[in-house]
Every structure is written in structure tokens, then in C-alpha cells.
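Student:
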Amino acid sequence: MIISINNLHKKFGNVIAANIDNYVINHGDMVGLVGNNGAGKTTLFRLILDLLKADEGNVTFSTQDGLFTDADVTSTEEWKHHTGAFIDESFLIDYLTPDEYFAFLGRMYGMKKEAVNERLEHFRPFFNGEILGEKKLIRDYSMGNKQKIGIVSAMLHSPELLILDEPFNFLDPSSQAIIKHLLATYNRETGATVLISSHNLDHTVEVCPRIALLEHGVILRDIANINGSAKDELDTYFDAPVQAAEAAEAAEAILEKNEDSENSEIPESSETTENKE
Amino acid sequence: MNNRFITLLKDIRQQRKLSAKRHPMYQNNKFGKYFMYLFALIWVGYLVLFGFLLPSLFREEMPGMEPYHVLNGGMWYIFMIDFCMRFMGQKLPASEVKPYAVLPVRKRDVLDCHLLLNGLDTYNLIWLCLLLPFGCMTLWKFFGLGGLLGFILGYLILIIANGYWHSICRTLMNEHILWVLLPIAVYGGIIALMATTKWPNHIGMEWGEGFIQWEPLAFLAAIAVLALLFWLCRVMQLKIVDKEIARTKTTKLKRVREYKFLDRFGEIGEYLRLEIKLLTRNKVPKVQFRTGLILMIMFSVFLAFTDVYDDNFMRYFIAIYNFSVLGVMVLSQCMMFEGNYLDGLMSRKESILTLLKAKYYLQCAICLLPLLVMIAPVIKGKLDVLDVLAAFFITTGFVFFIMFQMAVYNKSTMNLNEKVMGRNSTSNWFQTLLIMCGFFLPVILIMGLNAIFKDGRVSVWVTLVIGIAFTLAHPIWLRNVYKRFMKRRYVNMAGFRASRP
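Protein chains in written order, with numbering that gives the first Met the number 0: chain A, 0 to 276; chain B, 0 to 500.
(1) Less than 8 Å between CB atoms is the rule here; does TYR408/B satisfy it with respect to chain A?
(2) Does ILE15/A come within less than 8 Å of chain B when only Cβ atoms are used?
(3) Would you mind working out which of THR68/A, GLU258/A, ARG220/A, TYR100/A sits nearest ARG138/A, comparing C-alpha positions?
(4) What is the DSSP secondary structure of TYR108/A, counted as helix, strand or coil?
(5) Where in the segment 120-170 of chain B do unbroken runs of the alpha helix (DSSP H), each at least 4 residues long, occur, reported from the N-terminal end onward?
(6) CB-CB under 8 Å to PRO284/B, same chain, minus the five flanking residues each way: which ones, in chain order?
(7) Excluding sequence positions up to five away, which residues of its chain have a Cβ less than 6 Å from the Cβ of LEU129/B?
(8) Does the beta carbon of LEU341/B sit closer than 8 Å to a beta carbon anywhere in chain A?
(9) Over the uninterrupted alpha helix (DSSP H) stretch that includes GLU205/A, give me the two end residues.
(10) Please report the residue range of the beta strand (DSSP E) in which ASP221/A lies.
(11) Name the DSSP bridge partner or partners of ASN5/A?
(12) My output table needs one value for LYS253/B: the three-state DSSP class, helix, strand or coil.
(13) Where does ALA38/A fall in DSSP's three states?
(14) Identify, in the order they occur along the chain, each residue of the same chain with its Cβ nearer than 6 Å to the Cβ of GLN175/A, setting aside the five sequence neighbours on each side.
(15) With a threshold of 7 Å on Cβ separation, who are the neighbours of MET142/A within its own chain once the five nearest residues in sequence on each side are excluded?
(16) Among ASP87/A, SER61/A, ASP54/A, THR96/A, which one has its Cα closest to the Cα of LYS79/A?
(17) Just to confirm before moving on: does the CB-CB distance between THR203/A and LEU160/A stay below 8 Å?
(18) For HIS180/A, is the classification buried or exposed, using 16 other Cβ atoms within 10 angstroms of its Cβ as the cut-off for buried?
(19) Across the segment 379-396 of chain B and the segment 320-334 of chain B, are there enough close Cβ pairs to call them in contact, namely three or more that are closer than 8 Å?
(20) For chain B, find out if any of its Cβ atoms is closer than 8 Å to the Cβ of SER61/A; answer yes or no.
(21) Would you grab the beta carbon distance between GLY153/B and ALA194/B for me? Rounded to a whole angstrom, and I think it's under 8 Å.
(22) Kindly say whether GLU274/B, judged by its beta-carbon, lies nearer than 8 Å to any beta-carbon of chain A.
(23) Could you give the distance in angstroms between the alpha-carbon of LEU157/B and the alpha-carbon of TRP206/B?
(24) Of all the CB atoms in chain A, is at least one closer than 8 Å to the CB of VAL480/B?
(25) For LYS147/A, count the other beta carbons within 10 Å of its own beta carbon; 16 or more makes it buried, fewer makes it exposed. Which is it?
(26) Pick helix, strand or coil for GLY65/A, following the three-state DSSP scheme.
(27) Helix, strand or coil for MET328/B, going by three-state DSSP, please let me know.
(28) Residues of the segment 312-329 of chain B in Cβ contact with chain A at a cutoff of 8 Å, in chain order, please.
(29) Can you check whether the CB of ASP54/A is closer than 8 Å to the CB of LYS10/A?
(30) Output yes if chain A places a C-beta closer than 8 Å to the C-beta of ASN281/B; else output no.
(31) Compare the C-beta of GLU214/B with all C-beta atoms of chain A and state if any pair is closer than 8 Å.
(32) Could you list which residues in chain A have their beta carbon closer than 8 Å to that of LEU252/B, in chain order?
(33) Under three-state DSSP, which class holds LEU448/B?
(34) Straight-line CA distance for PHE57/B to ASN339/B?
(35) May I ask you to report which of helix, strand or coil DSSP gives THR82/A?
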């Protein structure tokens, strides 16, 4: 699936949430979206998924088989069969058990029960024996397990475009390792376009060959990440405020030191003043 | 009380004020805010009106007694109404302690603050709107200002005590719904005793007279009741606080029902399954359904076995009400429950249209329930089969057509498991208007046609035909609703997101 973002603008009051002139994500790309809080990552995902109205511009999808070309996401729903997404808990129907939820989604995407079960087998190590076959409603699961249910629900029907917002959140280290592997394999084996966002630079760099750096709704940099080459660039960018703060602190310390030494050079006069007082 | 406690009391009072002021119902829904003001104003108006009317009414009905004796004898009714009114807004202190659990303040102090503030709540003064005019008109001439003040003060103490009694019952009800029988038994028992032995009337009369005469025993008794209920409430809330803090709301499923028979209906069957689970696994829709069912049965029994609703208007109204009540309850909140997971639904093609269809078919199926309930009035000759059929089809056709419009305009998420009363209230003016139209337009149509045609059957036949036409046209109007929903989707989704718990 090819995603074209064209002159996309979205503001919430005075806050710019998206301001992207042109950006294309090609078929088979695996893109990691990084940025500080409020950068507009989730907004961009919502705009791509037609869950939010853009002030200007649009997002279009094209499939490789030509099923649709430059289809504006706002004017058709055809693309929905070919995408899978998990943004937050509001994607989960929490009064169902995970098995019921997966069965429901499977039927929505025209999958047979056997196909759903077969697909779920693939995720069994990720579930760690805590999700399938339990008589427990989704709302009663921990955040980590809800995250797992959400991720698998997005991948269940093997979509051509997979969008995951902060997939590593709430997951334990083992599950983080598994999901990284699952995503990379999924992208490689199916040729699907994968779009994830994360605050974890290490995970993003490890798994995404292409990284978009987003700030205030603007894609500042589109970084080709070959063998983790983006790591230094991202570290430098995100460390910059820390370095600036450290530099400011150092400058302040030098100033204070200078002032102290100046003061210590005139002890007599100050003492004299105090005595006078 | 030390300074620390007073500071805490002030802070909690301020937070309670902000919590009420910033309630999503008021922030997202100006109508809700004005509706509540209007409701409060009407209620106050009623109380003042009754305060002025009751003296003369009591004099007429019971000429041998002074009006204040009559009111004192029936004081239990005031407490009963007050008890019910408190469901609208009174908070349970235990549930308010959680945010303070890890702060360096004693849970006991926080709880005491909430209990005290409940006692000092201005709501407790609302009954003055009735008692003041009533007292001025009936007590002043005999007992002067002193008598009036004693009367007001005594009632005020008992009303505050009634508030703590309400908190005790609500806490128990939260533990198990069957505790609802406790207040029913208490108030029901009092009413039964009033009808048989009259001794609750005598107690009320003596107690009220004691207040008016400033008898220490009367006030001591009232203060003892207040202290006892406060203490009971406090003990109970303290026990519940730790439970509340550690609470993990887990739904125990003994058996996961699959409703396999729905498989044959394809995608609609899947959404039907979803709707059934929505209704059966979540507290709010479950309570609504039960309430609707009780109302329906109650009205049918009244219609069948009494003559209070024998006039034409009420007969037709009850027939239509019984068929519509469950559907109207659910559909007036159409999409509001789904607001909890709408983003997920919207990321799938035409899922909303299928969902709407499933909702419609389920509500039609539920209409078979009143069909059974209405057998009693039919057997008793209060309604005939044609009346019932007309009510059935006008509901599945016209009433549902009206109520499904809410799918386009509702944009507040409704918590699936928060209590029904009070804090989950999300009604808006359009919802109220459509509910009124759903319930009353068919009856007005029937009454109008009855006025035009001498033969009463004409109106029923016309209703039946209109109902069948709307029922058969459901694929057309459901698609229309879907298209309009999709046009408004961004506004609605933003609203659902903003009001999500």
C-alpha cells in the first residue's frame, strides 16, 4: 500500500498538530515515527485512518495490485479492508473476551473460524498463555495484555497497511522483543507497509529502515536508517535540549565561580562594610 | 477539630464544587446545564406551591385536624421522596477517598470531611421551600417565630439523617443489588403500617409537635437518629474505603455464550451477538433493560386489572409505551455506548450500517416481549388484538424510525458500567424531543383520527398501515441514517473521544 500525504494541515485551536506538504510512504516501507509529546504522531495516524478531519489537504492510498489508485481516505471506505490499526484502547470492544473479539474481527474481514485460529496460533508466544481461552473480559486485563490484544487485532487479517501507535508501551521486555521480531518479519514476508510510532528510539531504530522525525506537526527529517545509522542523528536531536541545558548550567557555574573569585579578592572591603553596618 | 482538618475540609469542599462545575454533562452540553437548572427551578416551584396549597387542602380533607398535624403525621412521605431524589446527585464518600490514598492525609479524615460536607450540602435546604411557607401559614398564628424555627430545625436534622440513611443503602446496593429491598422494605413497611395501625402517623405527629414546642426529647431523639446513622454510615464507609481502593472490577463469566444460531445471519448476526453482549455484560444497559421491563409489566397490570387507565388516551398510550419503552431507552442513547470503541468500529468498512441494522432487528425481537405482556390486557378486554398489532408495528416502524435519528446526533460517550442515576446523565434537548415524539405522536395520531372518524377502528387500521410501511422501509431509512452519520462523523467522533471516561 502506498500512502501519499498531500498538503495536510490540522490545527487544534492555536496548536499545529499536522503541517505536512508532501510525504510518501511506499509499498513495503516500514516507517518509524518519532517525536516528542505533542509532536502530532497520533493526530497524523488519525488523519491517515480518516478518524479526524483535516483542515486542508488529504491522504490517499494506492494498492500495488491497482485495486484502487490515489483513493482519498475521506471519500471511500474500500481501503478499510486492507488496513489494520491499533491506536489506543478505544479500538477494543472491552466487554468481549479476547477470543470473542478476535472471532468478531475475523468475521468482519471475511475470515473463517479456522483461519482466525490458525492466525492466532502464530501469536501464541506473544500472548504468553495469558490471553487465549480465558473466560475473562478484555476490560479486566492488564494494560500490557490489552496492548497485546490490540496489536494482534490489527494484524489478524494480514493487512497491507499496518498502523500501530506506541506498540511497545506497557509491554514487558520479552514481549517487546517478540513484537519487534513479529513486526520486522511481517513487513519482510508480506511486503506490507508498516507505520509505527514510538518514544523508544532504540526499538524504532532497531526495527524501522526509515524514520520520520516529527515536531509540531512537521516532518523535520526523513532519515534512511541503514544498520542503525539513524541512531546517532536521533540521539543528537533529542539530546540537544539536554546538552543546551547542560551548557547553560556550565556557563552559569563559570559565572558564579568568577563572581565568587571576584568577591574573594576584596574581602577586606566587604568586611569593612559589614563592620560599619 | 485541628487546623489541618479544617484546611482539608476547605480543600475537599472546593474540589467538590469544581467537580460539579466541570462535570462533562455541563461542559459538553449547554442544554444539560440549563435543563438541570430548569428542573431544579420547577422542583423548587412545586415545593413552594405545595407549601402554600397544602394547608387549605389539609383543612378541607381533614377538617378535624390542624394542617401541621397532618403534615407531621405524613412526614415519612417527605423522607421517602427525599431518599429517591438523592439518587440524582449524592455521592458516596468511599468512592471519593481514592485520589487521596497515597497522600499524607489520613483516609479517616478525608472520609469524615466528605460525610460532613454531605450533611452540610445545600441540597438539604431544598425542603425549606415547602416547610417555610407551610409553617408560616399554619404555625405562626399559634406558636410564633419560635414554633416555626423549631419545626424547621427538627425537620432539617431528620432530612440530614435521611441523607446518611441514603448513603448506607446506596453502599449496600453497590455491594449487591438485592439490598435495594432494604429501603423498599423500610418505606413500604411504614406505608403499610400507616394504612393499618396508624402508629407511624402518631409518632410523626408527636415528634413534629415536639419540634414546634421545642421539647428537648424530640430534638434529642432527632439528634440521636442523626448520630446513629452518621456513625453507621461512617463505620460502613471506612470498611468499604480499603475495598474501594484495592478494587479490581472483574466480571466473572461462568460460561461464555456463543449464540451460535446467529451465525446464519452473517455479518448482521455477528453484530447482533455484539448487541446482545452489550446488553447483558454491562451494568448500565442491564439496569435500563430491567427498569424498562418492570415499567412495562407494571403498566400492563394496571391496565388489565384496574380501571385507572381506562380512558382511550391512556389505553393507546400504554399500548404504545409498553412496546416502545425498551427500544426508546436503548435507542435514545444510540451510539453513545459504542462511543467507547467507535474508533475501532470506524476503521472497518460500513460496520456502522451493519451495526444499525443489527440494533434494529434486536429491538424488533425485543418487541415480542411486550406482545406476551400485553396478553393480560387483551384477555381482560381492555385492548383488542388489532390494537396490540397496531402498537407493535407503529413501534417497529415509526417509533424506531424516530429514535434511530439519535444515531446521527448523539456525540457523547456513555459509560457502560457507571451507575445509571445521576453522574452518567448525558441527555440533550434533541433526545428529549425525539423521545416525546416517539411516545406521543402515534397516540396523538390515533386520538386525532378518532375525533375525525366515528368508527374507532379507522384510527387503529391507519396506525397499523403506517407502522407496517415504516417497518418495511427500514433498509431505506437505516441507510439514510448511516449516510448522515458518516457526514457528521468527524464532529461525532471528536465528541465521543472528548467525553470518553
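Every residue, glycine too, gets a C-beta built ideally from N, C-alpha and C. None of the values given here were measured: they were computed from a predicted structure.
Tutor: Result, derived from the coordinates:
(1) no
(2) no
(3) TYR100/A
(4) coil
(5) 127-137
(6) LEU277, LEU278, VAL329, PHE336, LEU415
(7) LEU46, PHE49, GLY50
(8) yes
(9) 200-206
(10) 217-223
(11) ASN21/A, ASN57/A
(12) coil
(13) coil
(14) PHE167
(15) PHE169
(16) SER61/A
(17) no
(18) exposed
(19) yes
(20) no
(21) With 8 Å as the limit, GLY153/B and ALA194/B do not qualify as a contact, their Cβ atoms being about 25 Å apart.
(22) no
(23) 11 Å
(24) no
(25) buried
(26) coil
(27) helix
(28) none
(29) yes
(30) yes
(31) no
(32) THR96, LYS134, LYS135, LEU136
(33) helix
(34) 52 Å
(35) strand
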